[in-house]
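Inspection log for the structure reproduced underneath, given as structure tokens.
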RNA sequence: GUGGAUAUAGUUCAGCUGGUUAGAACGCCAGAUUGUGGCUCUGGAGGUCGUGGGUUCAAGUCCCACUAUCCACCCCA
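Residue numbers (our numbering): 219 to 641.
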């Protein structure tokens, strides 16, 4: 236990960190292009926020939250998703006094107590964006388009965009009733979990994967047929907007999303590279969340992207760039007598902006050279008796094996000309 | 929470029906006549065989429990 990360968590070793950093940079870049600004919210919140925001009957709140009491008896929960905390911050800091819409993005760890699986961890990370204050379908379009552009920048253009509308409060109730009536007649053919859902949350039956239920669902009433005029118009404009900005999508009536706060547009972006967890991005519009959390009526929309899943896809497709960790210089010294001379040069180079390294293991010159080529490093500076006497360092290009003599004073200039960097 | 598979060096694995000091490859470290890497050769370090019980003269090898990992269900990112 002592030497093992807790179940469902993991360490990102340097090589993996480099990949994450690259992806994060692409995400930040994309968000900036769309005018979204970064926000960072706490790792934990009052439990109440998630109960109220996500919904008491959702799986997340019912069985997946990391909830505990702190030393003064407050109920605290590690954030299971990113939207509710951002919504809370929006209200707390009265960001609605800014010119609307307020557009924010975040990169955050999330925590859910579940059995780990392919692309599923107990601590996982999300990229997300939220746009507050605009009821316009063009915001829905922008949110989806931002995700799509982000994936494209990473080289992923084959991902499927599935969209649906689950209506507003009013039309959803009508639909739920119609759905219940329909399914009630077929209840003998539904699986056990769907029978439970029939009472508690009938919408959830729509994405059941049980083959028998799937068959029944073929003729199920579709929510698009129950949308009110406003919701119908909204959805049509989302579709039109997506087409205008060149986002390919498909309408999928099965997309209902597991969080209670969604209204109108919901969407998922799916990859076939992931096993059972095929959703890499999920989001939609949530026009009531801010008000339910005690803020002014504020329509909003956003998405969350699972970073671990994204990395899995990029790795499967060979699209992940691993930046070279090659260093500029290794200073190899003959023996202890020349260490000080080398050390001075080492820090001179580092201060100038060259990455430089020197032996700290008491290795022989030969072993130092061996180590230098393993790091790896572009140039080895060799310092011994001759070099110190003449003031000229032996420089070896480890790629070609060629050697040069360079005045110690002009080492930076030499490097600058060779690798166009620093100074 | 449910089901299935797995658990041997840093890594990937071998170890047949239980039988002497648990192996290989790669990696790591050090040498190959003394101021230099990548190739080659030689040597070395490194394993409570997931943990705890049990069966047996004897268990990495059989049985049980626990833990962890992987996969799937549920649900989601």
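We put the CB at the ideal spot given by N, CA and C, even for glycine.
Of the other Cβ atoms in all chains shown, 16 or more fall within 10 Å of the Cβ of residue 308; this residue is therefore buried. When 600, 628 and 604 are compared, the shortest CA-CA separation from residue 615 is found for 600.
Between residue 511 and the set 225, 268, 409 and 603, the nearest pair of CA atoms involves 268. Annotation: residue 261 is outside any alpha helix (DSSP H) and is labelled neither H nor E by DSSP. Closest in C-alpha terms to residue 419, from the list 406, 436, 571 and 391, comes 391. In the DSSP secondary-structure assignment, residue 500 is bridged to 486 and 522.
Put simply, the backbone Cα of residue 629 is about 40 Å away from that of residue 373.
Counting the other Cβ atoms within 10 Å of the Cβ of residue 433 gives fewer than 16, which makes it exposed. Closest in C-alpha terms to residue 260, from the list 247, 222 and 324, comes 324.
In the three-state reduction of the DSSP assignment, residue 415 falls in the helix class, which pools H, G and I. Scanning the region 417 to 466 for uninterrupted alpha helix (DSSP H) segments of 4 residues or longer gives 429 to 435 and 447 to 462, listed from N- to C-terminal end. Under the three-state reduction of DSSP output, residue 392 falls in the helix class.
A straight-line Cα-Cα distance of about 6 Å links residue 423 and residue 412. Inter-segment contact for the region 374 to 391 and the region 461 to 475 is present: three or more beta-carbon pairs are separated by less than 8 Å. Partner residues in the beta bridge of residue 348, as assigned by DSSP, are 322 and 520. Here the region 507 to 523 makes contact with the region 344 to 360; the two share three or more CB pairs at distances below 8 Å. For the 9 Å CB-CB criterion, residue 504 and residue 481 form a contact.
For residue 621, the uninterrupted beta strand (DSSP E) run begins and ends at 621 to 625, by DSSP. In terms of Cβ geometry, residue 407 and residue 431 form a close pair [threshold 9 Å].
In this model, residue 569 and residue 591 are separated by some 23 Å (Cα to Cα). In terms of Cα proximity to residue 487, the closest of 499, 478 and 454 is 499. Under DSSP, residue 382 shares a beta bridge with 484.
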